[in-house]
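Read through the structure below, which is laid out as structure tokens, and then see the notes.
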Amino acid sequence: MRKNVIKVINFKSKVRKKLFKIVAIITLIYFLFFTVFTIMRREEKVLWLRNCYFAHRGLFNNDDLPENSIKAFKNAIKNGFAIELDVQFTKDKKVIVFHDYTLERLTKDLRKIEDVTYEELESLDLLNSKEKIPLLEEVLNIVNGDVPLLIEIKNCSNILELGASVADLLENYNGKYAIQSFDTCVLKWFKENKGCNVLTGQLIGKYTGIETFRHCENLVLDFKKFFLEYKVDFLSIDSYDVDNLAIKIFRILRVPILSWTIRNNDELENIKDLADGYIFDSFVPVNN
13 MRKNVIKVIN FKSKVRKKLF KIVAIITLIY FLFFTVFTIM RREEKVLWLR NCYFAHRGLF
73 NNDDLPENSI KAFKNAIKNG FAIELDVQFT KDKKVIVFHD YTLERLTKDL RKIEDVTYEE
133 LESLDLLNSK EKIPLLEEVL NIVNGDVPLL IEIKNCSNIL ELGASVADLL ENYNGKYAIQ
193 SFDTCVLKWF KENKGCNVLT GQLIGKYTGI ETFRHCENLV LDFKKFFLEY KVDFLSIDSY
253 DVDNLAIKIF RILRVPILSW TIRNNDELEN IKDLADGYIF DSFVPVNN
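As numbered in our numbering, residues 13 to 300 make up the sequence shown, in order.
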């Protein structure tokens with residue numbers, strides 16, 4: 013009797029697993045068709061992301077030409093590269109272009125960005141230069157649509173407020189730009205408050221994705237998360253993680269994949285068949 017009960021339990025367990033896989037496959041097919049339809053409708057908007065080369069924090073050398081500086085951005089424009097940059101709040105809620113959460117690496121000041129007003133920042137020089145930490149507004153005026161911008165909204169406790177301030181600054185900007193962030197809430201905020209005309213991308217530092225079609229339920233969940241819930245237009249992924257079955261499927265479905273950070277021409281050549289846009293620094297790409 014006991015053995016029969018165990019057999020029944022095992023049988024039911026196997027049935028449940030098979031049913032789950034069938035449901036997962038059906039759901040995947042639904043999401044595939046839905047995503048293809050959605051993505052094809054916005055293909056024209058995301059076209060500029062494809063085969064686009066983004067100078068990571070501008071075209072810099074971190075000596076007399078510091079990262080995320082006006083000089084580095086002008087150098088990128090001069091060489092015809094799109095620009096990737098980072099934004100965050102100062103203590104007095106000014107939107108500045110700066111990557112680190114502390115000032116130490118680039119200015120030798122030990123304070124955090126969030127503890128310093130913009131007026132205090134104006135007294136600091138970046139590395140071995142006379143360059144200052146710029147306001148986003150200043151950068152927008154200088155770029156003025158000459159090259160596309162990829163704006164990363166840095167994680168912080170008041171990220172939605174930061175996103176709203178960035179959106180206000182971009183309201184009358186006529187150049188091409190896209191917003192990316194590790195924080196999904198701010199990406200969702202842009203879609204809900206600024207509509208589908210603002211391109212948004214999910215930054216992903218470590219993406220496991222799927223290794224085989226046996227793990228297709230993971231792909232279903234990612235489709236739901238990225239494209240239905242957050243409604244992102246592209247994915248921005250660490251270059252070490254783009255060689256992944258899920259990413260290849262996303263690309264087949266015409267989802268633009270940006271890869272970061274590429275640091276030499278060999279890496280660039282290896283990544284070209286795996287991604288659509290390239291975020292680089294420490295070298296100047298040839299034949300871009």
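Backbone N, C-alpha and C define an ideal beta-carbon position, used for all residues, glycine too.
Measure the Cβ-Cβ separation of residue i and residue j and say whether it is below 8 angstroms.
{"i": "Ile-264", "j": "Ala-287", "result": "no"}
{"i": "Asn-156", "j": "Gly-187", "result": "yes"}
{"i": "Leu-77", "j": "Ala-88", "result": "no"}
{"i": "Asp-121", "j": "Leu-97", "result": "no"}
{"i": "Ile-216", "j": "Ser-251", "result": "no"}
{"i": "Tyr-219", "j": "Tyr-65", "result": "no"}
{"i": "Asn-73", "j": "His-111", "result": "no"}
{"i": "Glu-160", "j": "Trp-60", "result": "Rather than Glu, the amino acid found at residue 160 in this sequence is Pro. Contact: yes."}
{"i": "Lys-237", "j": "Lys-203", "result": "no"}
{"i": "Cys-208", "j": "Arg-54", "result": "yes"}
Could you tell me the alpha carbon to alpha carbon distance between residue i and residue j, rounded to whole angstroms?
{"i": "Gly-175", "j": "Thr-196", "result": "12 angstroms"}
{"i": "Thr-102", "j": "Leu-138", "result": "16 angstroms"}
{"i": "Asp-127", "j": "Gln-214", "result": "28 angstroms"}
{"i": "Leu-115", "j": "Ile-259", "result": "35 angstroms"}
{"i": "Lys-144", "j": "Asp-75", "result": "13 angstroms"}
{"i": "Phe-235", "j": "Glu-56", "result": "21 angstroms"}
{"i": "Val-198", "j": "Ile-171", "result": "7 angstroms"}
{"i": "Leu-257", "j": "Thr-119", "result": "42 angstroms"}
{"i": "Lys-30", "j": "Asp-255", "result": "29 angstroms"}
{"i": "Glu-183", "j": "Arg-123", "result": "32 angstroms"}
{"i": "Asn-205", "j": "Lys-106", "result": "21 angstroms"}
{"i": "Ile-38", "j": "Glu-281", "result": "37 angstroms"}
{"i": "Phe-262", "j": "Leu-133", "result": "42 angstroms"}
{"i": "Lys-284", "j": "Gln-192", "result": "21 angstroms"}
{"i": "Val-35", "j": "Glu-241", "result": "20 angstroms"}
{"i": "Arg-117", "j": "Leu-71", "result": "18 angstroms"}
{"i": "Ser-169", "j": "Lys-200", "result": "16 angstroms"}
{"i": "Leu-233", "j": "Lys-33", "result": "13 angstroms"}
{"i": "Lys-86", "j": "Lys-142", "result": "15 angstroms"}
{"i": "Asp-253", "j": "Asn-140", "result": "35 angstroms"}
With respect to the alpha helix (DSSP H) encompassing residue i, which residues constitute its N-terminal and C-terminal limits?
{"i": "Gly-175", "result": "171-182"}
{"i": "Ile-145", "result": "No alpha helix (DSSP H) holds Ile-145; DSSP gives it neither H nor E."}
{"i": "Thr-114", "result": "Careful: Thr-114 lies outside any alpha helix (DSSP H) and carries neither H nor E."}
{"i": "Phe-85", "result": "82-90"}
{"i": "Asp-278", "result": "277-283"}
Would you grab the beta carbon distance between residue i and residue j for me? Rounded to a whole angstrom, and I think it's under 8 angstroms.
{"i": "Val-151", "j": "Ile-165", "result": "So it is not a contact: roughly 14 angstroms between Cβ atoms."}
{"i": "Leu-148", "j": "Ile-108", "result": "7 angstroms"}
{"i": "Ile-82", "j": "Ile-154", "result": "6 angstroms"}
{"i": "Val-58", "j": "Leu-181", "result": "Not really, about 22 angstroms apart at Cβ, beyond 8 angstroms."}
Hey, out of the options, whose CA is closest to residue i's CA?
{"i": "Asp-278", "options": "Val-267, Asn-205, Phe-292", "result": "Phe-292"}
{"i": "Ile-274", "options": "Ile-108, Lys-142, Val-298, Phe-239", "result": "Val-298"}
{"i": "Pro-146", "options": "Leu-257, Leu-280, Tyr-130, Trp-201", "result": "Tyr-130"}
{"i": "Ile-163", "options": "Ser-141, Ile-171, Ala-190", "result": "Ala-190"}
{"i": "Asn-63", "options": "Lys-106, Leu-181, Phe-93", "result": "Phe-93"}
{"i": "Val-99", "options": "Arg-69, Trp-60, Val-296", "result": "Arg-69"}
{"i": "Phe-194", "options": "Phe-246, Val-267, Tyr-185", "result": "Phe-246"}
{"i": "Arg-266", "options": "Lys-90, Glu-132, Ala-67, Phe-239", "result": "Phe-239"}
{"i": "Ser-294", "options": "Asn-282, Ile-283, Asn-276", "result": "Asn-276"}
{"i": "Tyr-113", "options": "Leu-181, Ala-67, Glu-241, Ile-125", "result": "Ile-125"}
{"i": "Glu-173", "options": "Glu-134, Glu-241, Asp-158, Asp-104", "result": "Asp-104"}
{"i": "Val-296", "options": "Lys-33, Ala-67, Asp-253", "result": "Ala-67"}
{"i": "Asn-91", "options": "Ile-34, Lys-142, Asp-158, Lys-33", "result": "Asp-158"}
Looking at the secondary structure, which residues open and close the beta strand (DSSP E) in which residue i lies?
{"i": "Thr-273", "result": "269-274"}
{"i": "Glu-56", "result": "Taken as a continuous stretch (DSSP letters only), Glu-56 belongs to no beta strand (DSSP E), being part of the alpha helix (DSSP H) at 55-58."}
{"i": "Val-6", "result": "The structure shown does not extend to residue 6, since the chain is modelled only from 13 through 300, so no value can be given for it."}
{"i": "Glu-164", "result": "161-165"}
{"i": "Tyr-219", "result": "Tyr-219 -> no beta strand (DSSP E), and no H or E assigned at all."}
{"i": "Glu-96", "result": "94-101"}
{"i": "Phe-66", "result": "65-68"}
{"i": "Tyr-130", "result": "Premise fails: Tyr-130 lies in the alpha helix (DSSP H), 130-133, not in any beta strand (DSSP E)."}
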